[in-house]
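S.K.: After the structure tokens below, expect a handful of questions from me.
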Amino acid sequence: MKPLLATFMWLFAVAVCPAPARAENSYPSRPIRLLVGFNAAGATDTIARYYASKLGDVLRTSVYVENRPGAYQMIAIRTLKAASADGYTLFLITGSAASQYPALQKDLPYDPQKDFSFIGLVGEAPGVIVASRSLPVSDIADLVKYCKAHPGLLNFGSSGIGSASHIQMEYLSNLAGIRMTHIPFKADAEIVTALLSGSVQIGMTPVQGALPAIQSGMVRALAVTGKRRIESLPNVPTLGEARIPGLENVDPYTYYVLVGPKGLPADITRKLNDAINAVSRMPETVAYMHKLGYEPGITTPQSVQDYVARDTRKWADFHAATRFDLHIGQ
1 MKPLLATFMW
11 LFAVAVCPAP
21 ARAENSYPSR
31 PIRLLVGFNA
41 AGATDTIARY
51 YASKLGDVLR
61 TSVYVENRPG
71 AYQMIAIRTL
81 KAASADGYTL
91 FLITGSAASQ
101 YPALQKDLPY
111 DPQKDFSFIG
121 LVGEAPGVIV
131 ASRSLPVSDI
141 ADLVKYCKAH
151 PGLLNFGSSG
161 IGSASHIQME
171 YLSNLAGIRM
181 THIPFKADAE
191 IVTALLSGSV
201 QIGMTPVQGA
211 LPAIQSGMVR
221 ALAVTGKRRI
231 ESLPNVPTLG
241 EARIPGLENV
251 DPYTYYVLVG
261 PKGLPADITR
271 KLNDAINAVS
281 RMPETVAYMH
291 KLGYEPGITT
301 PQSVQDYVAR
311 DTRKWADFHA
321 ATRFDLHIGQ
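The letter at position 296 of the sequence shown is residue 296 when you use full-length UniProt numbering, and the numbering goes up by one with no holes.
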């Protein structure tokens, strides 16, 4: 009986005593790959590299950026979907791919709400609406009046069909009841060049993309998107300040969300969320982001997933009202 009793007591102890720390509790134990769906040196890549460096410090491991550009972030998304849900492959997704494409494009090969594990909001990026110096407008109210007096006369430049600048300008035009002709380019820098050459009269870019041209007086800033003025352009009003019904609802140019593959363990998700929030709270991060015109985000995994879902519904409503469709390929 004694051997049997000893065996029983050992099994009981194993059942009730805390188990050794699971593998997730030692996470991370090797470098983390951060996917970016754009080329190096662009706006998304810049933010990704800053956060990768700071996350590496917080998590005490190397976090490196891997650029997988092309196909409207689809290459990076497919790479993420094929990765193991172990926390060693992450993706910095933008608002275009997280909420605009799912609402405006049919038959996407992914559903953010089902295929990703949401970790945290890295930040929001206001855009700036810029005009050629030859255009006789000084603010958004002037632009709306001019467009209504000359429907279809003006061209607006974007960084490509399906880009944030394209979609946001179509949204703004619909809200304001104006019509302009879309001229797509391949990069934000080309919008500024086109404004200077006169091939377009209006454009929208991330703040950092147009800041040098604005500060030098080469182009005129009419308004910034988002809820507040930005530090780098303190004299440029928000769209809401134009007091044109609906324009106060034009959100930041885009946003950046950290996601992982579907099924990321909850404890790894929490650890990454804590790390992202820690980086976003750093005074140097706040200063860095504000200098670029960005607002760092502080969220929980659930609140950022809800944030993306709300934005998707907004774009779905826009689609229903206008039948504006994207045909960006996959």
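Think of the CB as a built atom: it goes at the ideal place given N, C-alpha and C, for glycine as much as any other residue.
If you run the structure through DSSP and keep just helix, strand and coil, what is P234?
M.R.: Within the sequence shown, the letter at position 234 stands for residue 234. Of the three classes helix, strand and coil, the one that applies to P234 here is coil, per DSSP.
S.K.: Under 8 Å between the Cβ atoms of G152 and T193?
M.R.: If you number the sequence shown from 1, residue 152 lands on position 152. If you number the sequence shown from 1, residue 193 lands on position 193. In this structure, T193 does not lie closer than 8 Å to G152 by Cβ.
S.K.: Spatial neighbours of Q208 within its chain, please: C-beta separation below 7 Å, excluding the five flanking residues on both sides.
M.R.: Counted from its first residue, the sequence shown places residue 208 at position 208. Once the five neighbours on either side are set aside, the close Cβ partners of Q208 are A43, L292 and G293.
S.K.: Can you name the residues that DSSP bridges to V219?
M.R.: By one-based count along the sequence shown, residue 219 stands at place 219. The partner list for V219 (beta bridge, DSSP) reads S132.
S.K.: Tell me whether the segment 230-246 and the segment 106-116 touch, counting them as touching only if at least three CB pairs, one residue from each stretch, are closer than 8 Å.
M.R.: no
S.K.: Mapping the DSSP letters down to three states, classify P245 as helix, strand or coil.
M.R.: Working through the sequence shown from its first residue, we reach residue 245 at position 245. DSSP places P245 in coil when its eight states are reduced to three.
S.K.: With burial defined as no fewer than 16 other Cβ atoms inside 10 Å of the residue's Cβ, what is the status of G226: buried or exposed?
M.R.: Here the question's residue 226 lines up with position 226 in the sequence shown. Around the beta-carbon of G226, 16 or more other beta-carbon atoms lie within 10 Å, marking it buried.
S.K.: Which residue marks the beginning of the beta strand (DSSP E) containing A82, and which one marks its end?
M.R.: Here residue 82 refers to the residue found at position 82 when the sequence shown is read from its first residue. Where A82 is concerned, there is no enclosing beta strand (DSSP E), although the alpha helix (DSSP H) it sits in stretches over M74 to A82.
S.K.: For Y307, name the three-state secondary structure that DSSP assigns.
M.R.: Taking the sequence shown and counting its residues from 1, the one referred to as residue 307 is at position 307. Looking at Y307 - three-state DSSP - the assignment turns out to be helix.
S.K.: Where does V257 fall in DSSP's three states?
M.R.: Locating residue 257 in the sequence shown gives position 257, where the first residue counts as 1. In this structure, V257 counts as strand in the three-state DSSP scheme.
S.K.: Provide the residue span of the beta strand (DSSP E) that contains Y64, from first to last.
M.R.: To locate residue 64, count along the sequence shown from 1; it is residue 64. Run containing Y64: V63 to N67, per the beta strand (DSSP E) assignment.
S.K.: Skipping 5 residues on each side, what residues in its chain have a beta carbon closer than 6 Å to that of I167?
M.R.: The sequence position of residue 167 within the sequence shown is 167, counting from 1. Result list for I167: Q100, in chain order.
S.K.: Taking the continuous alpha helix (DSSP H) assigned at M289, which residues delimit it?
M.R.: Here residue 289 refers to the residue found at position 289 when the sequence shown is read from its first residue. Element bounds for M289: P283 to L292.
S.K.: Determine the contact status of L121 and Y253, defining contact as a CB-CB distance below 8 Å.
M.R.: Along the sequence shown, read from residue 1 onward, the residue named residue 121 stands at position 121. Along the sequence shown, read from residue 1 onward, the residue named residue 253 stands at position 253. Contact: no.
S.K.: For S173, report the span of its alpha helix (DSSP H) as first-last.
M.R.: Along the sequence shown, read from residue 1 onward, the residue named residue 173 stands at position 173. From DSSP, the alpha helix (DSSP H) with S173 extends over A164 to A176.
S.K.: Let me confirm a value: A98 is counted as buried when at least 16 other C-beta atoms fall within 10 Å, else exposed. Which label applies?
M.R.: Position 98 of the sequence shown, counted from the first residue, corresponds to residue 98. It counts as buried.
S.K.: Return the Cβ separation of Q201 and A131 in integer angstroms, given the expectation that the two are a contact with Cβ distance under 8 Å.
M.R.: In the sequence shown, counting from the first residue as 1, residue 201 sits at position 201. In the sequence shown, counting from the first residue as 1, residue 131 sits at position 131. Indeed, because the Cβ distance is near 6 Å, the residues count as touching under 8 Å.
S.K.: Just checking, does the segment 23-40 make contact with the segment 66-74 on the three C-beta pairs under 8 Å criterion?
M.R.: yes
S.K.: Does the beta-carbon of S134 have 16 or more other beta-carbons within 10 angstroms, so that it is buried, or is it exposed?
M.R.: The sequence position of residue 134 within the sequence shown is 134, counting from 1. S134 is classed as exposed because its beta carbon has fewer than 16 other beta carbons within 10 Å across all chains shown.
S.K.: Hey, out of A221, A71, S62 and S53, whose CA is closest to R30's CA?
M.R.: Your numbering for residue 30 matches position 30 in the sequence shown. Considering only alpha carbons, the answer is S62.
S.K.: Would you list the residues sitting across from V36 in a DSSP beta bridge?
M.R.: Locating residue 36 in the sequence shown gives position 36, counting from the first residue. Within the DSSP bridge table, the entry for V36 names N67 as partners.
S.K.: Going along the chain, which residues of its own chain have a beta-carbon closer than 6 Å to the beta-carbon of I161, five neighbours each way excluded?
M.R.: Indexing the sequence shown from 1 puts residue 161 at position 161. P184, listed in sequence order.
S.K.: I'd like the list of long-range same chain contacts for V58, defined as Cβ closer than 8 Å, with 5 residues on each side in sequence excluded.
M.R.: Position 58 of the sequence shown, counted from the first residue, corresponds to residue 58. Excluding positions up to five away in sequence, the list reads A275, A278 and V279.
S.K.: Rounded to whole angstroms, what is the Cα-Cα separation between I129 and I214?
M.R.: If you number the sequence shown from 1, residue 129 lands on position 129. If you number the sequence shown from 1, residue 214 lands on position 214. Whole-angstrom Cα-Cα distance: 11 Å.
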